[in-house]
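The structure appears right after this line, and notes come after that.
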Amino acid sequence: MKRKLIRGMKSWLFMFVILALLIPDLSVSPKQASALSFSNSSITPYKDPTKAPTKRFTVGFMSYETWPKDNGTYTNGAPGSTQDDMYFEYTYSFRDRVVNKVTVRTADEEPQIGEYFDGSRTVKPGESDYAFYSTKLAKAIKINSSSSTGNNTNSITVKVRVTGELEENKAIRTEGTGTKKQGFRWYYPIVFEFDLAGKQTVKPFTRDGVPLGDVVTKHMKVGTPYPASIPTIPGYEYVGYRETIDQAEGPLYVTNDPATKPAPKPEAKNYDGSFDEKNISLYYDPIVTAGTIHVRHMVRTSPTAPFNEASSEDISVRKIPDKRTVSPKSGLGTVIGSNLVYSGGFSNAIDYSKKSQVPDLKTPSPKEAWVSIFYENNQPPQPDPSSLTGDFDIWPGPVIKNGDPFTLHPKNFELKSCTYISHRFMIERDGQHHLEPNVNGMSTDSVYQGNKYPPLIQYDSIHMISMKIFTSCGETEWIGPKSLELKGDPPGPSGPVAVIKGPVKVKAGQPLPFPFDGSDSFDWEGKRIVQYTWDQKLVTKSPTYSPTYDTPGTYTVRLNVKNDWDVLSETAEHTVEVVGNDPPVALLSVPPEGTRLSPVVIQSMAYSTDGDKIVSHKFQMKYDAKNNGFEDDAWQTLQEGASDSYTLQKPARVGKYLFREEACEIGNICADTDDQAENERTLVIHNLEPMADVKTSSPVNEPDTRTPLLMSNLYNNGTVVSLDTGATGDKSGWILQGGELRTKSYKLDFGMFNTNVGAPDKYFGEDYVNRTLFAGMQNAPTYRLVGAYDKNTIFFADEKYVYSVARGATDTDAVLVAYDKSMNVRWQKSFSMTNLHTVYALTNTELMTSAMVKDGRIYLMVRSTQSPTLPSGKAEPFTFVFDRENGAMVAGPLNIGSRMPAAVNTPWIMQNNLYADSKGIIHMQNGSRSTQTQRDYQCGTGLCRASYDFGSNESYYGGVMQGDTNEILPRYISQKGTSVYFTGSETYVRDPILFDPNQVQIGMLEYPYNRGTGFNKASIQFRLIGVDDAGNFYSSFHNKSDKVAIAIHDKTGKLIKTYEVPDALVLSEPVYYSGTTDIS
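Here the UniProt record's numbering is used: the first residue of the sequence shown is 1, the next is one more, and so on.
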């Protein structure tokens, strides 16, 4: 198919053009058709008041024809088809305006097409408006190459390719010459949006509005200042100005006495694109002269050379008498003398004793004076830098393909007598600019390869390039700009990529728990990252960044990196939430009574509600000296520092003592005990009981031969034995207090049930003491046979009932039974898990069900044996929830628990599965979305904690364990301190983070060795084992020798020590760190 491009050239007239198409097999030509006029006789681009003031809009129409051939086909596509090769070229010119860009849109892409058509033409409603024509127009589906950039002139050309439908009912039939056949013609509306440069005009006038000179016009780019030049007009002096912006006249700024009050000048602000045109009127007054001082400056190049006039001026004197100093000009050389005469014109005599002169004009005379100042300068006068010129080319042209090289070639330097020093280029794009380094050599090209473009050069973008020349006389203005456009698809990923790691939730006013880190930034071609720019202000070679945020809110951290080829990356962003820092809660524990000469310990019970460390305590005291209350007594400070207790040593006076504490956490956030009840903070000191030596007499009795046995001796040295069986009991549930033996009160906030191979179920409280069924001081366990159970039966208990779960009549049924503490059946429930679950393992040595009781509910976790298993190859866990009082099923099956491999004969079954505290069920989530496709709830970068309502479809999972039996060191959630531990997937590189109870990040675990950079760095997966009293974390990991090792981190994440684990792990004593499984 042959096509021809049509160009419309007439200024201010949007020409309707016909796309002439050759018909290869017919010697015919189209007649002039009854074309639609579209009111094209007068078009003025429309200025939309709701859009930017420099934009103009109009609507043009492209026509397309096709003719039938003798063979039944068509020259340019049959009616009813869609054509995507309709080409159109159009040139449009504006009077006295520079066009920056034109954008072309289809009718469907511009909802205001009717307004733009009617507003740019003279139309009659219902006869020649857009609504009248719209029913006759074809549909342009898409426009390719829909924008074009101007070349800093008033004219712009746009070339587009249109995809359109050849709808037969929208065609106009046309007749040709030499044939009886009729052709088809379609009209496609196209919206043109022109983006113009701003326009500034400056013109001088008298105050009466008489023009005094030519208009100076400048076309303005956003971000550039355009000062108004104040011309010198003989016989007039400048007195002020007025600005008119988009026909809105501004105030008049003038002075009525320029000799004493300088005339105001227009302010040269950067053009911001907020207006279309600015007209500046400069105002002048005729000079009224009472006297004149004529001044000339004479320069010679050597003592024997003649003087030449460098410059001259006439100073008008408005009022006489007048006495003023005429001084030399700078830059003309060394002043050697001057002269002053009052008649006869300038004198060549030189008074070497005077460097300046003071003419004294008087009435009636002299009213005129002539001053000459003489200089010697062996350097010729330098030209004005503004008169210097130069040019440059962009090779191979203004449009190149993405990734192609280009060259900036300087040429045609006209520097007069000035000496060339260097030149440099400026690149601009989207309101940004970049200065290239200075280039030495007037003929030195600046060559840029595709993999080493200057900053700001970007694929599929238009850039403006300018040049400045530096000489011994000064520097030129920017020469240009000239456009460089990059088009086409990039050859492939290249250049640096910025990557930010860092905390996502921090506290206001606190140092970051760990810095923002850009060390994972990389270059697609392996180039070295040499520079990091944080938040577009901090340029550094360091990949880390540690700002402080004082105000709560959401902040965006930005990073650009540069490689060693000086290529700058796109901006990476990272969002961090800054939350408020809550003050601590201050509480004091004060004994209510004490005696003189005995020490009394005042204990702080202060704590932080958001997990911060209490770093200082201030203890104060009042003594009720008058026994009338504490209001008239003064506080005295007893102790300040890190210690959380104060010992009042042997109080000397009896009476009442009131104590006060001020507790402060990191960041000097403090609280005091003023709101705590006064009686809770009051200590009453009593006298010691009096002693007396009394003589008595009585009958003599035989001494008692019995020896008293104190309760402390019984507790510390005795053995607790069951009276029923003689078995030894456990004293850990008892405490000796005040000589009395009392049971401990345990806060069983955090509990866990855990099923192990060949071991009974165990329940551990907050203090790690075994709270398993029948454990206590009173007696050893007593068993009562309640039925026939095999090894698939699981027993567990809480403080009220004993429970068992076992298989039912079939493999898919289960029976749950509750007993009281006398092992009498309270209730029995059967439930079905048909085709989905099983409560027993395939062998009698492996138990598959985990159980837990928490807050009156029973949780049973089983795993699916459905075939096939999940796509990941892991078996799906399910949890059922029952009411402990009646056995009613509250919910189930729920997707809660830890996934395990499909094969049952693996050590994975030994891991703990359910955790809970007063806030709800806790689970850690590992693995990737690609391999665990049925995960409903993801928290891959934080802690999964939920107060589960059992009506939700969300699911919570545990993490997968490593394959080697020796590596099964289960997950751990700290019961000490305020931290919760989380790690990411073993197959994905994620950083282990420490969280406080509010999920604010407080630290990041330091790695034991360098893992490299980029996407291929080694993964280190920490498996937390436990925590000691100091808050240090103990974790297992794979070291470089592929051995299981232990890492110890402090509570901030700093690595303290690492050491390898023996090949065989042996459990030396039955201590359970919050659920670590016995794998001995």
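For every residue, glycine included, the Cβ atom is placed at its ideal position computed from N, Cα and C. Fair warning: this is a prediction, and the values are worked out from it, not measured in the lab.
- For Ser-466, no alpha helix (DSSP H) run applies; the uninterrupted beta strand (DSSP E) run containing it begins and ends at 462 to 471, by DSSP.
- Excluding five sequence positions before and after Tyr-74, the CB atoms of its chain that fall closer than 7 Å to its own CB belong to Thr-66, Trp-67, Pro-68, given in chain order.
- Between the alpha carbons of Leu-658 and Glu-593 lies a gap of roughly 12 Å.
- Excluding the 5 residues flanking it on each side, Lys-218 has same chain C-beta neighbours closer than 6 Å at Gln-200, Tyr-226, in chain order.
- Contact between Asn-451 and Ser-494 holds, with the beta-carbon distance rounding to 6 Å and staying under 8 Å.
- Each of Met-220, Glu-167, Ser-643 was checked against the Cα of Asn-154, and the nearest Cα belongs to Met-220.
- Taken through DSSP and simplified to helix, strand or coil, Pro-385 comes out as helix.
- No Cβ-Cβ contact shorter than 7 Å links Met-464 with Ile-479.
- The stretch 93 to 105 makes contact with the stretch 181 to 197, as at least three CB pairs between them are under 8 Å.
- The three-state secondary structure of Asp-523, taken from DSSP, is strand.
- Taking each of Asp-535, Arg-161, Phe-94 in turn and checking the Cα distance to Asn-152, the smallest one comes out for Phe-94.
- Taking the CA atoms as reference points, Lys-501 sits about 14 Å from Tyr-555.
- Counting every other CB atom within 10 Å of its CB across the protein chains shown gives Ile-427 a total of 16 or more, marking it as buried.
- Contact between the stretch 649 to 658 and the stretch 595 to 609 is present: three or more C-beta pairs spanning the two stretches fall below 8 Å.
- Nearest neighbour of Ile-1046 by Cα position, chosen from Lys-1054, Gly-1053, Thr-1052, Phe-1033, turns out to be Phe-1033.
- The beta-bridge partner set that DSSP reports for Ser-483 consists of Met-464.
- For Ser-446, the number of other beta carbons within 10 angstroms of its own is at least 16, and it is reported as buried.
- Judged by DSSP secondary structure, Glu-477 falls outside any alpha helix (DSSP H); it is assigned neither H nor E.
- One alpha carbon belongs to Asp-672, the other to Ser-589, and they sit about 13 Å apart.
- Between Tyr-283 and Pro-266, the C-beta spacing is not below 7 Å.
- With respect to the 7 Å criterion, Pro-286 and Tyr-238 are not classified as neighbours on the basis of their beta carbons.
- The beta carbon of Tyr-453 lies closer than 7 Å to those of Val-567 in the same chain, with the five residues before and after it left out.
- Straight across, the Cα-Cα distance linking His-409 with Leu-361 is about 60 Å.
- About 4 Å separates the CB atoms of Ser-569 and Pro-496; that is less than 8 Å, so the two are in contact.
- DSSP, read as helix, strand or coil, puts Asp-118 in helix.
- In this structure, Ile-245 sits near Lys-278, with a CB-CB distance shorter than 7 Å.
- The beta carbon of Trp-395 is closer than 7 Å to those of Phe-406, Thr-407, His-409 in its chain, skipping five residues each way along the sequence.
- Separation of Tyr-130 and Leu-166 (C-alpha to C-alpha, rounded to the nearest whole angstrom) is 21 Å.
- The C-beta of Asp-523 has 16 or more other C-beta atoms within 10 Å across all chains shown, which makes the residue buried.
- For Ser-134, there is no enclosing beta strand (DSSP E); the residue is part of the alpha helix (DSSP H) that begins and ends at 130 to 134.
- For Thr-609 against Val-585, the beta-carbon gap comes to about 6 Å, under 8 Å, which counts as contact.
- Taking the Cα positions, Ile-373 is about 30 Å away from Leu-415.
- In this chain, the beta strand (DSSP E) harbouring Phe-184 covers 182 to 196.
- When the alpha-carbon of Lys-401 is set against those of Gly-150, Thr-149, Ser-302, Gln-458, the nearest one is in Gln-458.
- From the listed residues Pro-383, Glu-368, Lys-367, Ser-356, the smallest Cα separation to Tyr-375 is found for Ser-356.
- For Glu-167, the three-state secondary structure derived from DSSP is coil.
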